[in-house]
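> The structure that follows is given in the form of structure tokens.
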């Protein structure tokens with residue numbers, strides 16, 4: 077399952093040559109899903125759903141618990157409020173089979189940063205490094221970040237995941253400047269929550 081899948085271009089390249097049996101992509105954008113359909117054409121069993129991923133997770137939890145081996149979410153989780161992130165982890169835990177894995181690639185605050193400090197630091201980076209963007213594009217990005225981004229501390233996300241039963245997360249990638257991280261939250265082979 078790929079939450080916030082967008083056009084699925086990157087994941088389609090990643091999955092090429094794999095032994096994937098099925099792919100479920102969830103996104104709010106019908107335009108992105110139309111592109112995803114094209115990018116995922118080589119794969120046999122593809123389901124694309126146009127909805128927000130928290131709603132989809134809740135619905136899937138009622139109809140198909142323990143039915144996924146892997147759930148991926150990239151650059152989307154930081155849009156959820158803290159209580160929604162707890163729901164997200166609980167739903168994912170219920171939807172994964174024993175031994176399954178939740179992979180999160182997203183932005184995170186540094187331990188010394190509150191939300192406002194994170195936003196200021198991230199936007200300063202954008203202004204200095206995203207030089208190919210026009211000023212109005214940077215302003216649109218800044219407005220989106222100020223209104224919609226609620227990144228957590230790495231430790232907070234690990235705590236939420238472990239609270240619902242995930243094994244402590246494995247770090248797969250950390251950006252040298254510290255904004256972007258990738259983690260794998262696994263479920264034990266027994267499928268039972270860890271105490």
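Numbering (the numbering used here), first residue to last: 77 to 271.
Note that CB positions come from ideal geometry on N, CA and C, so glycine has one too.
Nothing here was measured: the structure is a model prediction, and the numbers come from that model.
1. Give the range of the alpha helix (DSSP H) segment to which residue 191 is assigned.
2. Under the three-state reduction of DSSP, which class applies to residue 213: helix, strand or coil?
3. Would you tell me roughly how many angstroms separate the C-alpha atoms of residue 148 and residue 204, rounded to the nearest one?
4. Are the Cβ atoms of residue 240 and residue 165 separated by less than 7 Å?
5. If the criterion is Cβ atoms closer than 7 Å, does the pair residue 102 and residue 79 meet it?
6. When you compare each of 194, 232 and 248 to residue 222 by their alpha carbons, which one comes out closest?
7. Just to confirm before moving on: does the CB-CB distance between residue 99 and residue 119 stay below 7 Å?
8. Which parts of the region 99 to 142 are runs of the beta strand (DSSP E), unbroken and 3 residues or longer, counting only runs that do not cross its ends?
9. Count the other CB atoms, across all protein chains shown, that sit within 10 Å of the CB of residue 224; report buried if there are 16 or more and exposed otherwise.
10. According to DSSP, simplified to helix, strand and coil, what is residue 158?
11. Do the CB positions of residue 82 and residue 108 come within less than 7 Å of each other?
12. In this structure, does DSSP put residue 90 in helix, strand or coil?
13. Which residues mark the beginning and the end of the beta strand (DSSP E) in which residue 246 is found?
14. Name, in chain order, the residues that DSSP records as bridge partners for residue 178.
15. Measure the alpha-carbon distance for residue 181 versus residue 134 and round it to whole angstroms.
Quick look at the numbers:
1. Unbroken alpha helix (DSSP H) run through residue 191: 191 to 205.
2. If DSSP states are grouped into helix, strand and coil, residue 213 belongs with the helices.
3. Near 30 Å, if we compare the C-alpha coordinates of residue 204 and residue 148.
4. Contact: yes.
5. Judged by their CB atoms, residue 102 and residue 79 are nearer to each other than the 7 Å cut-off.
6. Comparing alpha-carbon positions, the option among 194, 232 and 248 lying closest to residue 222 turns out to be 194.
7. A contact, by the Cβ cut-off of 7 Å.
8. The region 99 to 142 contains these whole beta strand (DSSP E) runs: 99 to 103 and 122 to 126.
9. Per the 10 Å Cβ criterion, exposed.
10. In the displayed model, residue 158 falls within a helix according to three-state DSSP.
11. Yes, the pair counts as a contact, with Cβ atoms nearer than the cut-off.
12. Correct three-state label for residue 90: helix.
13. Unbroken beta strand (DSSP E) run through residue 246: 246 to 250.
14. Paired residues: 147 and 261.
15. Residue 181 and residue 134 have their C-alpha atoms roughly 21 Å apart.
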